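Numbers in the numbering used here are just positions in the sequence shown, counted from 1, shifted up by 71.
Worksheet for the structure shown next.
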Amino acid sequence: MTTSHKNKTFSTLLATLFGSLGAHRFYLYGKKDLWAWVAVLIFAALFVIVMTQLPQTLFIAFLTLFLISFFAGLIAALVIGLTPDEKWDKQHNTTSGYASNSGWAVILLVILTFALGSTALIAAIARAFDLYLTGGAFG
Numbered sequence: 072m073t074t075s076h077k078n079k080t081f082s083t084l085l086a087t088l089f090g091s092l093g094a095h096r097f098y099l100y101g102k103k104d105l106w107a108w109v110a111v112l113i114f115a116a117l118f119v120i121v122m123t124q125l126p127q128t129l130f131i132a133f134l135t136l137f138l139i140s141f142f143a144g145l146i147a148a149l150v151i152g153l154t155p156d157e158k159w160d161k162q163h164n165t166t167s168g169y170a171s172n173s174g175w176a177v178i179l180l181v182i183l184t185f186a187l188g189s190t191a192l193i194a195a196i197a198r199a200f201d202l203y204l205t206g207g208a209f210g
């Protein structure tokens, strides 16, 4: 039985852009993946809560959960992108009949993901210190 070939570069791109929604997990494991549906439900709940304008402290708690989900997607993108092609094929493409050859595109995507994640992390830390030390006096 032959299954479809799972592209490592495309999976890395999905995890980078839509990792907080679990898009890469739907691509890799299909609609029956529990963790993909958990990610969708958390994201949907956060969206509804943000749109209903909860009090400030509760909003910050849910924003923290969203950031954790966002960073988890970026970490998944880094793990997927840095997995060697042979190990990737053994894990996801055992019956596809094709061998992966990721090339430079996945490396550039990993670099972009790392830059995005480190920038977002530094911004989140700076904002957290602003809120903690000054009560949000700088914005």
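Yeah, the Cβ is synthetic: ideal placement off N, Cα and C, and Gly gets one too.
Nothing here was measured: the structure is a model prediction, and the numbers come from that model.
Excluding the five sequence neighbours on either side, which residues of its own chain have a C-beta within less than 7 Å of the C-beta of HIS41, listed in chain order?
Because the chain spans 72 through 210 in this model, residue 41 falls outside it and cannot be assessed.
Between the alpha carbons of PHE200 and LEU145, how many angstroms are there, rounded?
Taking the first residue of the sequence shown as 1, we reach residue 200 at position 129. Taking the first residue of the sequence shown as 1, we reach residue 145 at position 74. For PHE200 and LEU145, the distance between alpha carbons rounds to 23 Å.
Burial state of VAL150 (16 or more Cβ within 10 Å):
Here residue 150 refers to the residue found at position 79 when the sequence shown is read from its first residue. Residue burial is scored here from C-beta neighbours: VAL150 has fewer than 16 other C-beta atoms within 10 angstroms and is therefore classed as exposed.
Skipping 5 residues on each side, what residues in its chain have a beta carbon closer than 8 Å to that of TYR98?
Translated into the one-based positions of the sequence shown, residue 98 becomes position 27. Apart from the 5 residues on each side of it in sequence, TYR98 sits with its Cβ closer than 8 Å to the Cβ of LYS77, PHE81, SER82 and LEU85 in its chain, given in chain order.
Cβ atoms of PHE114 and LEU92: under 7 Å apart, would you say?
Counting from 1 along the sequence shown, the entry for residue 92 is found at position 21. Counting from 1 along the sequence shown, the entry for residue 114 is found at position 43. Taking 7 Å as the Cβ cut-off, LEU92 and PHE114 qualify as a contacting pair.
For SER140, which of VAL109, THR154, LYS158 and LYS161 has the nearest alpha-carbon?
Here residue 140 refers to the residue found at position 69 when the sequence shown is read from its first residue. Answer by Cα proximity: VAL109.
At 4 residues or longer, what runs of the alpha helix (DSSP H) sit wholly inside the stretch 120 to 167?
If one requires a minimum length of 4 residues, the alpha helix (DSSP H) runs lying completely within the stretch 120 to 167 are 127 to 153 and 156 to 163, in chain order.
Report the rounded CA-to-CA distance for GLY207 versus GLN162, giving the unit in angstroms.
Residue mapping note: residue 207 aligns to position 136 of the sequence shown, counting from 1. Residue mapping note: residue 162 aligns to position 91 of the sequence shown, counting from 1. Cα-Cα distance, rounded: 47 Å.
Taking the C-alpha atoms as reference points, what is the distance between VAL181 and GLU157?
Your numbering for residue 181 matches position 110 in the sequence shown. Your numbering for residue 157 matches position 86 in the sequence shown. Each residue's Cα considered, the two are about 18 Å apart.
Could you work out which residue in LEU105, TRP175, THR74 and ARG198 is closest to GLY152 when comparing CA atoms only?
Start at 1 with the first residue of the sequence shown, and residue 152 comes out as number 81. Selected option, being the one with the closest Cα: TRP175.
How is PHE209 classed by DSSP in three states: helix, strand or coil?
The residue labelled residue 209 in the question sits at position 138 within the sequence shown. In this structure, PHE209 counts as coil in the three-state DSSP scheme.
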